[in-house]
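Read the structure below first, then the notes.
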Amino acid sequence: MRKYISFFRIRFTNGLQYRAAAYAGIATQFAWGFMTLLMFWAFYRSGKNAFPMSFEQLSSYIWLQQAFLALFMAWLFENEIFSAITSGNIAYELCRPINVYDMWFVRNVSNRLSKTVLRSIPILIVAAVLPSPFGISVPVTRVATLLFIISITLGFGVLVAFNMLIYISAFYSVSPMGIRILSVSVVELFSGAVIPLPFLPSGIRRIFELLPFASMQNTPFLIYTGNIASQDAIFSIFLQMFWLTALVVFGKLLMKKALKKVVVQGG
3 MRKYISFFRI RFTNGLQYRA AAYAGIATQF AWGFMTLLMF WAFYRSGKNA FPMSFEQLSS
63 YIWLQQAFLA LFMAWLFENE IFSAITSGNI AYELCRPINV YDMWFVRNVS NRLSKTVLRS
123 IPILIVAAVL PSPFGISVPV TRVATLLFII SITLGFGVLV AFNMLIYISA FYSVSPMGIR
183 ILSVSVVELF SGAVIPLPFL PSGIRRIFEL LPFASMQNTP FLIYTGNIAS QDAIFSIFLQ
243 MFWLTALVVF GKLLMKKALK KVVVQGG
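One rule links them: number in the working numbering = place in the sequence shown (from 1) + 2.
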């Protein structure tokens with residue numbers, strides 16, 4: 003365990019060095035957040051239809067997306083891992099006294115957390131002082147706050163565990179680009195990154211909510227905004243635990259199978 007903690011600390015510290023990229027990312031996320039808010043504001047003002055979320059709740063959802071984008075953006079992959087697999091440098095990883103799956107998992111966690119630390123606080127501070135209904139509100143209860151913290155931690159783990167499957171798929175393909183593009187599209191749609199899941203038709207939404215993708219950002223953000231009540235939140239959190247366990251176990255089995263057939267050529 004100590005070696006993984008040390009590796010996490012090194013990668014996390016290294017990720018904090020890229021402040022210029024973080025500042026650029028913050029500016030981009032503010033622009034994207036305001037653009038999304040104005041788009042939905044026009045949508046809300048265009049008619050008198052009943053909406054599944056109040057605009058205040060939607061604003062909080064959008065700012066949470068921007069603040070924790072690095073945790074949940076599906077397109078964030080480490081090309082070094084794909085390169086290690088396709089080039090044969092995976093041989094160096096196999097020589098180390100570590101579990102490759104665990105090391106790559108820790109590597110992804112530390113990389114995403116370092117980016118989040120740099121970006122999230124400024125975005126949340128500015129969003130908190132924006133005038134209503136365009137700002138972010140606090141959770142409705144203390145219980146909702148606690149459930150949100152638990153849920154966002156589990157959701158983060160589910161996303162990383164799913165991304166691990168994409169890395170492992172590179173062992174079974176000539177190029178990982180196809181599966182990367184497909185996985186990003188699927189995760190963005192099914193996790194509520196493009197359109198919050200409450201806006202979908204009820205029948206489709208119920209199916210989406212049972213999939214692992216909804217356990218990523220959809221569940222914690224809806225708990226925060228109060229769209230998932232405390233009683234339903236407990237079930238959603240247990241569902242997150244199930245998917246996290248299932249994806250990690252499946253990933254470890256798939257990695258073990260892949261490593262048994264690895265052939266590295268060269269001098």
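Every residue gets a Cβ at the ideal spot worked out from N, C-alpha and C, and that includes glycine. Here the structure is a predicted model, which means the values were calculated and not measured.
{"Check": "Expected contact under 8 Å - CB spacing of alanine 216 and phenylalanine 210 to nearest Å", "Outcome": "5 Å"}
{"Check": "Tyrosine 20 in three-state terms, based on DSSP", "Outcome": "coil"}
{"Check": "Between the CA atoms of phenylalanine 192 and glycine 35 - distance to the nearest angstrom", "Outcome": "20 Å"}
{"Check": "Distance, lysine 254 Cα to glycine 269 Cα", "Outcome": "Confidence at glycine 269 is low in this model, with a pLDDT of 46, below 50, so its placement is unreliable and no value can be given for it."}
{"Check": "For serine 62 and leucine 39, believed in contact at Cβ under 8 Å, the rounded distance", "Outcome": "Wrong, their Cβ atoms sit about 11 Å apart, outside the cutoff."}
{"Check": "Nonlocal neighbours in the same chain, by C-beta distance under 8 Å from asparagine 16, ignoring five residues either side", "Outcome": "Ser116"}
{"Check": "Status (buried if at least 16 other CB within 10 Å, exposed otherwise) for methionine 166", "Outcome": "buried"}
{"Check": "Any 3 or more C-beta pairs closer than 8 Å across the segment 121-129 and the segment 80-95", "Outcome": "no"}
{"Check": "Option nearest glutamine 67 by Cα separation, candidates Ile28, Leu213, Thr147, Ser8", "Outcome": "Ile28"}
{"Check": "C-alpha gap between serine 139 and alanine 260, whole angstroms", "Outcome": "46 Å"}
{"Check": "Threonine 227 beta carbon less than 8 Å from that of methionine 3", "Outcome": "no"}
{"Check": "Three-state class that DSSP yields for methionine 257 in the structure shown", "Outcome": "helix"}
{"Check": "C-beta atoms of serine 122 and phenylalanine 10 nearer than 8 Å", "Outcome": "no"}
{"Check": "Sequence-distant residues of its chain with Cβ nearer than 7 Å to phenylalanine 201 (five each side left out)", "Outcome": "Pro54"}
{"Check": "Burial state of alanine 44, where buried means 16 or more other Cβ atoms lie within 10 Å", "Outcome": "exposed"}
{"Check": "Other residues of its chain near phenylalanine 107: CB distance less than 7 Å, five sequence neighbours each side excluded", "Outcome": "Val162, Met166"}
{"Check": "Assigned secondary structure, phenylalanine 57 (DSSP; H/G/I helix, E/B strand, else coil)", "Outcome": "helix"}
{"Check": "Given 8 Å, three or more beta-carbon pairs between the segment 225-243 and the segment 143-154", "Outcome": "yes"}
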